[in-house]
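If you read the protein sequences in the order shown, they are chains A and B. Residue numbers for the first sequence, in our numbering: 1 to 203. Residue numbers for the second sequence, in our numbering: 1001 to 1294. The beta carbon of each residue, even a glycine, is placed where N, CA and C say it ideally should be. These notes are about the structure you will find just below.
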Amino acid sequence: MDEAELIQYAQQGDLDAFNRLIQNYEHQVFNLAWRIMGDSDSAADATQEAFISAYRAIGRFRGGSFRSWMLRIVTNSCYDEMRWRKRRPAGSLEALFDDLGMPEPENPGDLIHKPEAPEAAMERAELSRAIQDCLNRLPDDFRVVAVLVDVQGYEYQEVAQAIGKPLGTVKSRLARARARLRECLQRYRELLPSTFRLEDESS
Amino acid sequence: MNEMQVRKLSQRDLERLSAYLDGELNTKQTAQIEARLDREPLLRDALEELRQTARLLRSMPQVTPPRHFTLTPEMLKSHKSRYAYPALKLASALVAAAFVFVIGIDIFGAAKGSDEFAVNFTQRSIAEAPAMEVDVDEAEDMVAAEGEIEEVVGEAAEPLAESAAEAYEEDFAMEEGGVEHTQPPESEIPAEEMEEPQEIAPEEPTTIGKNVEGGDNEDETRADEGPWDGSVGVDAAPTMATTIEDEVGADDGEKQDNKWSFGQVEPISLLEIGLAILCIILISATLLVRVSSR
């Protein structure tokens, strides 16, 4: 059964068809939410909420790119989750890390990467945490655009639809996000690739 | 550490460079920025910094989801409670604000009511004293137009009160000097004279107006000159009979109002109680939903 058929069945209230449909997007949606939210628990909540919202709204899906439609729902779900987390009293370990400005430790076992030496894997994980820390320090609107374009590789037009803003807003937010990230990453110079450091020093 | 080049860029140049990096500029803009890149080293360095930053972000590894996110019918049912929380929170805030507003109105209204009573009482007291000394000529000036009586009496009250005070001081001085009181001690005043001014006291200002308008009561009003002459009230009584009845009626009304307010719960109090109960219920429901949803 292809995607169009699954969508049609899901629109008729078939929950199994919907579950089969979202299996193809589970990985993509969770990764997007993970980079926007900055921690695994929040990302899981945002992902679950996104799929529930998608199921409730799929009756209104009128064709076109299901991926773009899903992207918009996930982005909104992440914004909802961010608002929810801000209201939630701090107390969890993730909140403690957030308060201290520290990135949540990533479980290297969760990372998908090619087999490499333990030392290289550790460096890679540390660099990933450093980048995520800098992402977390960005304002929400900047972070969402930076993750969508630079981390997930979406086109500007698709991102503009996802966040419901004009193309110019996407360009502006992305440029400012990149400039801030560049500045933030200077704190982790020792973790940055040699090309990054060398070019910076020569400038 | 060298200073970053992206910091030195204007916002417009930063956006142009960032979009150029992703191939999102049109042909004309691309040609413009490339021409500038050829001749501006600062722009070239800034572009390189942005490119490296974007490259780092794209190098971030993908993670495997900790679980599957397939939906169950139970999940769809419990999902509603999450949206109930903000709605309940908003409702609680609105009801609490309404409660505070009503309480404020109640307190402000009570304070204003007591102030009005104090003002009325003072005005009435001021009006009573001079009314017993005023003569008709003065009164005619005071009540030039109907409806201005309160204002005129108020204005006339000050000089008359002063004259009364002066008279009292003269009496006091005479007493000090061994001269006999022009006014008999209270114990020597006949009981009738003692009572009458007290009875007619509230109607005095109105009496003046009536007498002036009537014209034939000039002699009777002249009898008011003596501050302790109780005959004023008796003589003027027929002229102001209606007024007295009105006043008495008004007094009865006030008494009835007082009886009602003390005997029953006021509507505003009922509203306050209702809002307080509603507020407690909503806050409890909000907390319940918040706890149960996580």
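Beta carbon of residue i nearer than 8 Å to that of residue j
i	j	result
B:L1275	B:V1095	yes
A:I52	B:L1071	yes
A:G59	A:Q8	no
B:P1061	A:H27	no
A:M70	A:A54	yes
B:L1025	B:R1039	no
B:V1100	B:I1268	no
A:D141	A:R189	no
B:L1050	B:L1037	no
A:E49	A:E81	yes
A:W34	B:V1265	no
A:I73	B:L1057	no
Listed by chain order, chain A residues near residue i by CB distance under 8 Å
i	result
B:R1058	D150, V151 and G153
B:A1297	Outside the modelled stretch of chain B, which goes from 1001 to 1294, sits residue 1297 of chain B, for which no answer is possible.
Residue i burial status per 10 Å Cβ neighbour count (16 or more: buried)
i	result
B:L1090	exposed
B:V1232	In this prediction, B:V1232 scores a pLDDT of 43, lower than 50, which makes its location untrustworthy; no coordinate-derived value is stated.
B:V1289	buried
B:Q1052	buried
B:R1012	exposed
A:A57	exposed
A:L127	buried
B:K1112	exposed
B:I1149	In this prediction, B:I1149 scores a pLDDT of 47, lower than 50, which makes its location untrustworthy; no coordinate-derived value is stated.
B:T1286	buried
B:S1010	exposed
A:E3	exposed
A:I22	buried
Under 8 Å from the C-beta of residue i: neighbouring residues of chain B
i	result
A:E26	P1065, H1068 and F1069
A:T47	P1065 and F1069
A:I58	Under the 8 Å cutoff, chain B gives no residues; its nearest Cβ is about 11 Å from A:I58.
A:N19	T1070 and L1071
A:A146	L1057
A:L185	T1053 and L1056
Neighbouring residues, chain A, relative to residue i (Cβ below 7 Å)
i	result
B:D1106	Going along chain A, no residue has its Cβ under 7 Å from B:D1106, so there is no contact; the nearest lies around 33 Å.
B:E1024	Y156 and K171
B:S1018	K171, L174, A175 and R178
B:E1049	R182
B:E1015	K171, S172 and A175
Proximal chain B residues relative to residue i, where beta-carbon distance stays under 7 Å
i	result
A:S128	M1060 and P1061
A:W69	The premise fails here: A:W69 is roughly 17 Å from chain B at the closest Cβ pair, so nothing lies under 7 Å.
A:I131	L1056, L1057 and M1060
A:I22	F1069
A:S40	P1066
Within chain A, the residues that residue i reaches when beta carbons sit closer than 9 Å
i	result
B:L1076	L15, I52, Y55 and R56
Per-residue contacts from residue i into chain B (C-beta, under 9 Å)
i	result
A:S77	The premise fails here: A:S77 is roughly 11 Å from chain B at the closest Cβ pair, so nothing lies under 9 Å.
A:I36	Residues of chain B passing the Cβ test: none, with the nearest at roughly 12 Å.
A:A44	P1065, P1066, R1067 and F1069
Inter-stretch contact (C-beta, 8 Å, three-pair minimum) for the stretch 136-148 of chain A and the stretch 1015-1024 of chain B: no
Inter-stretch contact (C-beta, 8 Å, three-pair minimum) for the stretch 163-172 of chain A and the stretch 37-51 of chain A: Pairwise C-beta distances place the stretch 163-172 of chain A out of contact with the stretch 37-51 of chain A, as fewer than three of them are shorter than 8 Å.
The stretch 131-139 of chain A contacting the stretch 179-190 of chain A, beta-carbon criterion three pairs below 8 Å: Verdict: yes, contact present.
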